[in-house]
Each structure stands twice: as structure tokens, then as C-alpha cells.
Amino acid sequence: MMILGLVKWMQPVHGYDVRRELLSWSADKWANIQPGSIYHALRKLTEEGLLRAVATEQVGGRPARTTYEITEKGAEEFETLLRGLWWQLQEPTDPFTAAFSFLPALPREEAAAALRNRAMLLRAGAESMRAAIDSEWMRTTRPVHVGWIFELWSARSEAEIAWCERIAERIESGVSYLPAGLAGGESWVEWQQQNLGVAGEPGGDRASDPATEQ
1 MMILGLVKWM QPVHGYDVRR ELLSWSADKW ANIQPGSIYH ALRKLTEEGL
51 LRAVATEQVG GRPARTTYEI TEKGAEEFET LLRGLWWQLQ EPTDPFTAAF
101 SFLPALPREE AAAALRNRAM LLRAGAESMR AAIDSEWMRT TRPVHVGWIF
151 ELWSARSEAE IAWCERIAER IESGVSYLPA GLAGGESWVE WQQQNLGVAG
201 EPGGDRASDP ATEQ
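According to full-length UniProt numbering, the sequence shown is numbered sequentially starting from 1.
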């Protein structure tokens, strides 16, 4: 979507300029766009009829540079993708959520320390974003809505910082990870044994079902 949008905005445009613009946005960090894949994406979009190559030029011994424009089909696809992302909520993948699912596998002291370290890293990023929002660079060279994006990122970071600190305190307090219906057993193995032994819950019947004992 971003490459289609940039070509539509900047056309006619060289692939190099598309790459440079995306890197100036740090899109490799938040849009899952890797610099090395941009030229391949331009060629693929051209093969699919969403872009067209209007000229190829070579200056001296430099690599040939192709100029692109968006096609009518490409413009329609861009509008569809754009509106889809505006009107639909798509939860981003979060590797940390997967790791947090296994919280009981970590010693409490380490888990709390890791959360506080995460908060520290997030705080550094939030401070950097706030500095960017207030900078001359943002005020004089970037569209106003770019500052609004930075405000969104900053707000998300602040919310996660507060969450990290709150959960770290709960972990250190010794609060049980087990649901109220289970008592005792704080180790990973004990937790699994308790969970599998609850009748009516996933795995509960399996633990005592003779059919599963081979």
C-alpha cells in the first residue's frame, strides 16, 4: 500500500527516490518494509499491472534507473487498501505477547526486572518522540499529520510503560498466577499439573481417562 501511495504521490518517480522517501519516514521500523525489498516490490507491482515503467535511463557507469507511474488499476487498489486500513481494526502481531504468555516459566525476580527494563527502553523512545514532536524539523519540514503519528506512538509507549511498572509490582508482591479456582503450586510444572487436573477444563478429563493411558 505504501509503495503504491508514494508512486501515486511522487510520480513520475525513480525507485531510488521511493526508497529514500520511505527510509526518511523510518518505514523499515514500523511498516514492515525492508529497504532491500523495495525494488523487488516495484517490479512485482509492475508485473501485476498496478504500476508501469515509463522510462529507463543510465548515467555513466551507474546502474540503470527506472521511472514509475501508477496505473488506473493501481490507483483503485491503493484506494481499496487505504480505506480498508482506515475503517478496519487490525491487531498487529506482538512477539512480546507470545513471550508474556509463558510468564510462569521465568523466576519472579527476572520477570519483574525484564518488565522494568522494557519500561526504560520504552521511556527512552517516548522521550525521543516527544523531542521530535517539538523540534524545528517537525514544525517546518514535515506535514502536520506526521506529528500526529508521533503523538500516537508516544501515547502507546506511555500506556505500556505504566502497564510494565504496574505488572512488575504485582509480580514482586507474590500474587499467584493461578486462577482463583486453583490453589497452591507456583512452579511451571505444578501449574501444569493443577491445570490438567481440573475437571471440566481442557485436559481435565484426559488426565483420568483410561482411554488415554497407553
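C-beta: ideal position from N, C-alpha, C; glycine also.
Query, Result
"Per-residue burial, Met-129 [other beta carbons within 10 Å of its own, 16 or more giving buried]", "buried"
"The beta strand (DSSP E) enclosing Ile-70, as first and last residue numbers", "65–70"
"Burial state of Met-1, where buried means 16 or more other Cβ atoms lie within 10 Å", "exposed"
"Proximal residues to Leu-115 (C-beta, below 8 Å), its chain only, five neighbours per side dropped", "Cys-164, Glu-165, Ile-167, Ala-168 and Ile-171"
"Under the three-state DSSP convention, the category Val-175 falls into", "coil"
"Which of helix, strand or coil DSSP assigns to Thr-93", "coil"
"Arg-130 - containing alpha helix (DSSP H), residue span", "108–133"
"Beta carbon of Val-66 nearer than 8 Å to that of Gly-5", "According to the sequence as given, residue 66 is Thr; it is not Val. Going by C-beta atoms, Thr-66 is not nearer than 8 Å to Gly-5."
"For Gly-84 and Ala-27, the rounded distance between their alpha carbons", "19 Å"
"Cα-Cα separation, Gly-147 to Lys-8", "22 Å"
"C-beta contact flag for Thr-46 and Ala-53 at 8 Å", "yes"
"Boundaries (first-last residue) of the alpha helix (DSSP H) holding Arg-139", "136–141"
"The alpha helix (DSSP H) enclosing Ala-41, as first and last residue numbers", "38–47"
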